[in-house]
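All remarks here apply to the structure that follows.
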Amino acid sequence: MVLNPADNIQDYLVFGEFGEVNPSISDSSTFTFMSAEKMSALFEQEIEGCFLYSRHLNPSNDYLAKALAHLEGTEYAQVTASGMAAISCAILEICSAGDEIISSRTIYGGSYALMKNFLPKFNINTHFVNITKIDEIKSKITSNTKIIYCETISNPLMEIADIRELRKIADDHNLILIVDNTFSPLIINPTELGAHLVIHSLTKFINGASDTVAGCICGPKPFISSLKDVSSGAAMLLGPVMDSVRSASVLKNLHTLHIRMKQHSKNGQYVAENLEKLGLKVFYPGLQSHPQHELFNSMYNSEFGYGGMITFDVKTEEKANQLMMMMQQELIGYFAVSLGFYKTLFSSPGTSTSSEIPKEEQEEMGMTAGLVRLSVGLDNNIGRSFDKMKKCLIACNIL
Ligand code: PLP
């Protein structure tokens, strides 16, 4: 977690109201006022320490938001009912009809579909670029561009965004840099490197239990306040409020994130290195062969490693499917979308999480049909799990 010297420790430490070690879960959709003046003042502007209505804010969501802001080193955060809600609210808060976005083309399929298919309905259009090509990004900037959007480690090809360089471009053209840091909490701190806003699908590593869908936007206080504005805020008016019980449970899981990320990375590095030794094409930022390994080294918090996400190529869709079925039968993990779970999860990006991207575009990006994406779990003995995986690779004639 990033400690800011100016931080007031009371802002993020959480104490139960009656001495509980975890804060009480707020169980109210609405809150009482002791004067009409204060209620109308809250409709005009935010008043610290005061709650109006749960879609606006409630104590449970406030505790989680402050902890996430602390995690990402931002002034404040907005928690939302999903990662997609965080992405759509952040974009719609910034863009009006006629505005343009420059986005990495290798992003989560849902984010891609939002920008490619949904936002054009509101005349908000996106140029998709290879985020590793700075000149290509610059060439797409027009007077209507408002946002540069990327993922720290892209989904599923593990391309790395040079956040420092992107911030320079953003500054030169008065743009807002939004970074989805879902794959790399604690490993990379996008705000320190220059991101204006950091997005998470809390559904993934941060919650880590695959029992809830949730998201957040971490950023400067004025932006977070604008999201909640009762008459114009995207979060307030589109209304993707997180349930208090869920936010309390995400907050508890957040406290073990540092231990989990180290184990995901330790296991990820082991699996990536050993898959590569078997002669497979492996995409993992912790490998010397990754084209942006050095860039990653210049940005990451080394104690947390290179993360738990690996993509590798087994050449054909049939082989990928056969392998995943067998790995599930052998209890190596589950054939399921999503990531950041304590068990290993695997899916084939082209036919699942990136299926929103048309086939020709997938090919152009380098997404081949035989890709398998692994979210490596918290296995205590990863060597034993890998031996089982190797047997499956042999049985499927991949080796
Ligand atoms: N961002 C990334 C990188 C993702 O992988 C996902 C989902 O897989 C999302 C955002 C969307 O999050 P959610 O499913 O919580 O809406």
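The sequence shown lines up with residues 2 to 400 when you count with this note's numbering.
Cβ atoms here follow ideal geometry from the backbone N, Cα and C, with glycine treated the same way.
Three or more beta-carbon pairs separated by less than 8 Å link the segment 49-64 to the segment 27-34, which places the two stretches in contact. Distance between N190 and Y301, taken at the CA atoms: about 8 Å. Where N126 is concerned, the enclosing beta strand (DSSP E) starts and stops at N126 to V130. Secondary structure note for Y64: its alpha helix (DSSP H) is the uninterrupted segment P60 to E73. Restricted to the segment 295-354, the alpha helix (DSSP H) segments that are unbroken, complete and at least 4 residues in length are 318-330, listed in chain order. 7 Å or more divides the Cβ of F123 from the Cβ of S104.
If only complete runs of 3 or more residues are kept, the segment 131-180 shows the beta strand (DSSP E) at 146-152, in order along the chain. For the alpha helix (DSSP H) assignment, the uninterrupted runs of no fewer than 4 residues enclosed by the segment 196-272 are, from N- to C-terminal side, 222-229, 235-239 and 245-255.
Using a C-beta cut-off of 8 Å, the segment 260-269 makes contact with the segment 309-316, since at least three inter-stretch Cβ pairs fall below that distance. Per the C-alpha coordinates, the member of K134, K141 and T146 positioned closest to I125 is T146. Between I149 and L176 the beta-carbon gap is near 5 Å, inside 8 Å, which marks them as a contact. In the three-state reduction of the DSSP assignment, I88 falls in the helix class, which pools H, G and I. No heavy atom of the ligand PLP is found nearer than 6 Å to the CB of S105. Between M243 and S83, the alpha-carbon positions lie close to 8 Å from each other. At a threshold of 6 Å, V199 does not count as near the ligand PLP, since its beta carbon sits no closer than that to any of the ligand's heavy atoms.
Close CB contacts of E304 within its chain, under the 8 Å cut and outside five residues either way in sequence, are with K263 (chain order). With a cut-off of 6 Å, the C-beta of D244 is classified as distant from the ligand PLP, since no heavy atom of the ligand falls inside that distance.
The continuous stretches of alpha helix (DSSP H) do not include T81, which lies in the beta strand (DSSP E) extending over residues Y77 to T81. In the structure shown, the three-state DSSP call for Y109 is coil. In this structure, the straight-line span from the alpha carbon of K360 to that of N156 is close to 16 Å.
The Cβ atoms of V80 and A70 lie no closer than 7 Å to each other. In this structure, A87 places its C-beta atom within 7 Å of the C-beta atom of I200.
According to the DSSP assignment, R374 belongs to no alpha helix (DSSP H) but to the beta strand (DSSP E) extending over L372 to S376. By the neighbour-count criterion, in which 16 or more other beta carbons inside 10 Å mark a residue as buried, L332 falls on the exposed side. Relative to the non-hydrogen atoms of the ligand PLP, the Cβ of S185 never comes closer than 6 Å to any of them.
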